[in-house]
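So in the numbering used here, spot 241 of the sequence shown is number 383, and the numbers just go up one at a time.
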Amino acid sequence: MFILKNVYVPFHGKWKLRDVAIDGDLFIEISDQITSPENSGKTIKTIYLDYESYLLPAMIDPHVHVREPGFDYKEDWETCSKAALKGGVSAIIDMPNNKSPIDDIRKLKLKDEIAINKSYVNYGLYVALTDNNSGQISEGIFDNYICGVKIYMAKTTGGLIVNSVDTIKKALYQTKPVLAHTGGENGLLKLMEAAEDVFKKRGKIPSLYICHVYTAREVEIIKHYKKKLPEIITEVTPHHLFLNRDDYNGLPGVLPPLSSKHDQNALWDALVEGFIDVVGTDHAPHTIDEKSSDRPPSGFPGLETALPLLFNSLIDGKISLNRLLEITSGTASKLFGIKDHGKIEVGRKANCTLLVMKDWTVGEDGYQTKCNWSPFDGKKLKSKVYLTIVNGNISYLDGSFRRGIIKRLCVRKAGK
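As structure tokens, then:
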């Protein structure tokens, strides 16, 4: 059992100064003052910090490229999940565009076996839609292994591109969330038209998650179709929120590309207004040598910086507390049925992170991601993740890591 003393906890859109007690894997008390019970027979640890401290539901990141198996020289499940912990993330869902794309049961089981033995955070997996497996996907063959189905409609690592509208529609005939890499306006319109057609025929579609929206025009399209298809969920990345093509001078190459200042402002407006629902990092690590080459591969790492960046925006008044909670954990927990995440309440599983008000510079203490860089290197921030709790275990504490019991998401299976 341990007690977090004098931490600010979100309560109906406001902060309340509270003590928080965690026993086993549950929040057992949240109150003005908690005293350690005498003669309880339990070892009780009290954590009290000199810094102003804020306890949040740990972030759920639905858009991560762990790279292992296949590209584990860039990142592996241990380094990726440690990067997640350092960034206040307790759950990640891994994309299927590995060196050998994850498009069948055998590959899913192989990745799951690696993850359950190496990850420090809860995790989930996606399957890639192809022309060859679309029938199996529509029949639900993969359902016990996945959090969703990923459609690649444009260029990406792994060479997975689906052009057939019929194949896309098959993915919309099953029940798991469908995530789409549309590549921009044309792909988005093609997907929306396919989804609208299936909806007219069936009266329903699964949740349709649009990855990394990056232009004002995409925002306009999404606003139009959300009126017709409430199942649409939209995502923006931290690098599209906090960087644009005119002010970024770091290591090059990301898909979708960084956009204009006008597009960046449109993304922020849509996020604040609720037309963009989730922040997913699209954590896509490549080595410094690769990114410094004449033909750099596309992708930025983002797990260690997303939540501190967003919390900075909360401090600056750019986003409300309720929106912060929704875009970092609330919407994703509902979308993927991750009931153990997303709230700080007595009786719920303790998956949370503590940020302290402490000025720091991104990169000053190194990186956990194996690629060892960040597009935000050198940026000054006002808050820093001090600890991250996964299933009641302090898995990250001020630079140190401890692997506890972790869980595969979207199915009820636990491992250590």
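The C-beta atom is built at its ideal place from N, Cα and C for all residues, glycine as well.
This structure is a prediction, so every number in the text was calculated from the model and none was measured.
Task: Spatially closest choice to His-154 from Gly-520, Asn-454, Lys-332, Leu-467, by CA coordinates - done: Taking the first residue of the sequence shown as 1, we reach residue 154 at position 12. Among Gly-520, Asn-454, Lys-332, Leu-467, the Cα nearest to that of His-154 is on Leu-467.
Task: Assigned secondary structure, Val-340 (DSSP; H/G/I helix, E/B strand, else coil) - done: Within the sequence shown, residue 340 is the residue found at index 198, counting from 1. Three-state DSSP puts Val-340 in a helix.
Task: Reduced DSSP secondary structure (H/G/I, E/B, other) of Ile-531 - done: Within the sequence shown, numbered from 1, the residue matching residue 531 stands at position 389. In the structure shown, the three-state DSSP call for Ile-531 is strand.
TODO: Could you tell me which residues DSSP puts in a beta bridge with Pro-152?
DONE: In the sequence shown, counting from the first residue as 1, residue 152 sits at position 10. Trp-157, per the DSSP bridge assignment.
TODO: Just grab the DSSP bridge partners of Asp-165 for me.
DONE: The count along the sequence shown starts at 1 and reaches residue 165 at position 23. DSSP, once it has assigned bridges, lists Leu-168 as partnering Asp-165.
Open item on the list: By the DSSP assignment, the alpha helix (DSSP H) with Ser-223 in it spans what residues?
Closed with: On the sequence shown, position 81 is the one that residue 223 refers to. Counting along the chain, the unbroken alpha helix (DSSP H) around Ser-223 starts and ends at 219-228.
Open item on the list: So, under 8 angstroms CB-CB, Ala-226 and Asp-203 are touching, yes? Tell me the CB distance rounded to an integer number of Å.
Closed with: Counted from its first residue, the sequence shown places residue 226 at position 84. Counted from its first residue, the sequence shown places residue 203 at position 61. Right, their Cβ atoms sit about 7 angstroms apart.
Task: As assigned by DSSP and simplified to three states, the class of Pro-243 - done: Locating residue 243 in the sequence shown gives position 101, counting from the first residue. Here DSSP, grouped into helix, strand and coil, assigns Pro-243 to coil.
Task: CA nearest to the CA of Glu-338, picked from Ile-172, Glu-373, Pro-319 - done: Numbered from its first residue, the sequence shown carries residue 338 at position 196. Considering only alpha carbons, the answer is Glu-373.
Task: Nearest candidate by alpha-carbon position, reference Cys-289, set Tyr-268, Thr-298, Val-304, Glu-281 - done: For the purposes of this step, residue 289 is taken as the residue at position 147 of the sequence shown. Looking at the Cα atoms, Tyr-268 is the closest of the given residues.
Task: C-alpha distance - Gly-459 paired with Val-532, whole-angstrom precision - done: The residue you call residue 459 lines up with position 317 of the sequence shown. The residue you call residue 532 lines up with position 390 of the sequence shown. It is roughly 29 angstroms from the alpha-carbon of Gly-459 to the alpha-carbon of Val-532.
TODO: Let me know if Gln-510 comes out buried or exposed under the rule of 16 or more other beta-carbons within 10 Å of its beta-carbon.
DONE: Within the sequence shown, the letter at position 368 stands for residue 510. The residue is buried, with at least 16 neighbouring Cβ atoms inside 10 Å.
TODO: Decide if the region 407-420 is in contact with the region 445-454; the criterion is three or more beta carbon pairs, one per stretch, under 8 angstroms apart.
DONE: Between the region 407-420 and the region 445-454 there are fewer than three C-beta pairs closer than 8 angstroms, too few to call the two in contact.
Task: Start-end ranges of the beta strand (DSSP E) lying completely within the region 227-314, minimum 3 residues - done: Within the region 227-314, complete beta strand (DSSP E) segments of at least 3 residues are found at 231-236, 264-270, 290-294, given in chain order.
Open item on the list: Shorter than 8 angstroms, the distance from the beta carbon of Ala-226 to the closest heavy atom of the ligand ADP, or not?
Closed with: Annotation note on the ligand ADP: not contained in the displayed structure, which lists no ligands.
Open item on the list: Classify Glu-415: buried if its beta carbon has 16 or more other beta carbons within 10 angstroms, exposed otherwise.
Closed with: Mapped onto the sequence shown, residue 415 falls at position 273. Flag for Glu-415 reads exposed.
TODO: Look at the Cβ atom of Ser-223, then the Cβ atom of Lys-260, and state whether they are nearer than 9 angstroms.
DONE: The residue labelled residue 223 in the question sits at position 81 within the sequence shown. The residue labelled residue 260 in the question sits at position 118 within the sequence shown. The answer is yes: Cβ separation under 9 angstroms.
Open item on the list: Whole angstroms are fine: how far does the CA of Pro-398 sit from the CA of Tyr-356?
Closed with: Start at 1 with the first residue of the sequence shown, and residue 356 comes out as number 214. Start at 1 with the first residue of the sequence shown, and residue 398 comes out as number 256. Their backbone Cα atoms lie some 7 angstroms apart in a straight line.
Open item on the list: As a quick exercise: from Lys-332, Leu-451, Thr-429, pick the residue whose alpha carbon is nearest that of Leu-385.
Closed with: Here residue 385 refers to the residue found at position 243 when the sequence shown is read from its first residue. The shortest Cα separation from Leu-385 among Lys-332, Leu-451, Thr-429 belongs to Leu-451.
TODO: Assuming Lys-524 contacts Val-504 (C-beta within less than 8 angstroms), just tell me the rounded distance between them.
DONE: Locating residue 524 in the sequence shown gives position 382, where the first residue counts as 1. Locating residue 504 in the sequence shown gives position 362, where the first residue counts as 1. Separation of the CB atoms of Lys-524 and Val-504 is rounded to 12 angstroms, and the pair is thereby denied contact status at 8 angstroms.
Open item on the list: Could you give the first and the last residue of the continuous beta strand (DSSP E) run that contains Trp-502?
Closed with: To locate residue 502, count along the sequence shown from 1; it is residue 360. Looking at the DSSP string, the run of the beta strand (DSSP E) that includes Trp-502 is 494-503.
- [ ] Examine chain C for any beta-carbon lying closer than 9 angstroms to the beta-carbon of Pro-372, and answer yes or no.
- [x] The structure shown has no chain C; it contains just one protein chain.
- [ ] Indicate the three-state DSSP secondary structure (helix, strand or coil) for Phe-442 in the structure shown.
- [x] Position 300 of the sequence shown, counted from the first residue, corresponds to residue 442. Three-state DSSP puts Phe-442 in a strand.
TODO: Please name the residue or residues paired with Ala-322 in a DSSP beta bridge.
DONE: Numbered from 1 along the sequence shown, position 180 holds the residue referred to as residue 322. Paired residue(s): Ile-293, Ile-352.
Task: First and last residue of the uninterrupted alpha helix (DSSP H) at Tyr-572 - done: Nothing can be reported for residue 572, as the shown portion of the chain is limited to 143 through 558.
- [ ] Would you mind stating whether Ile-164 and Leu-146 have Cβ atoms separated by less than 9 angstroms?
- [x] By 1-based counting over the sequence shown, the position of residue 164 is 22. By 1-based counting over the sequence shown, the position of residue 146 is 4. Yes, these two residues count as a Cβ contact at 9 angstroms.
Task: Boundaries of the alpha helix (DSSP H) in which Val-206 is found, first to last residue - done: Taking the first residue of the sequence shown as position 1, residue 206 is located at position 64. For Val-206, there is no enclosing alpha helix (DSSP H); the enclosing beta strand (DSSP E) covers residues 201-206.
- [ ] Please report how far the alpha carbon of Asn-454 lies from the alpha carbon of Phe-442, in whole angstroms.
- [x] Position 312 of the sequence shown, counted from the first residue, corresponds to residue 454. Position 300 of the sequence shown, counted from the first residue, corresponds to residue 442. Each residue's alpha carbon lies about 20 angstroms from the other.
Open item on the list: Quick check: the Cα distance between Leu-393 and Tyr-265, rounded to an integer number of angstroms?
Closed with: Counted from its first residue, the sequence shown places residue 393 at position 251. Counted from its first residue, the sequence shown places residue 265 at position 123. If you take the alpha carbons of Leu-393 and Tyr-265, they lie about 28 angstroms apart.
Task: the region 302-313 in contact with the region 272-284 per 3-pair CB rule at 8 angstroms - done: Between the region 302-313 and the region 272-284 there are three or more inter-stretch CB-CB distances shorter than 8 angstroms, so the stretches are counted as touching.
Task: Among Leu-539, Gly-546, Trp-515, the one whose alpha carbon lies nearest that of Glu-217 - done: Working through the sequence shown from its first residue, we reach residue 217 at position 75. Nearest Cα to Glu-217 within the set Leu-539, Gly-546, Trp-515: Trp-515.
Task: Asp-245 classed as buried or exposed, judged by whether at least 16 other C-beta atoms fall within 10 angstroms - done: Here residue 245 refers to the residue found at position 103 when the sequence shown is read from its first residue. Asp-245 comes out buried.
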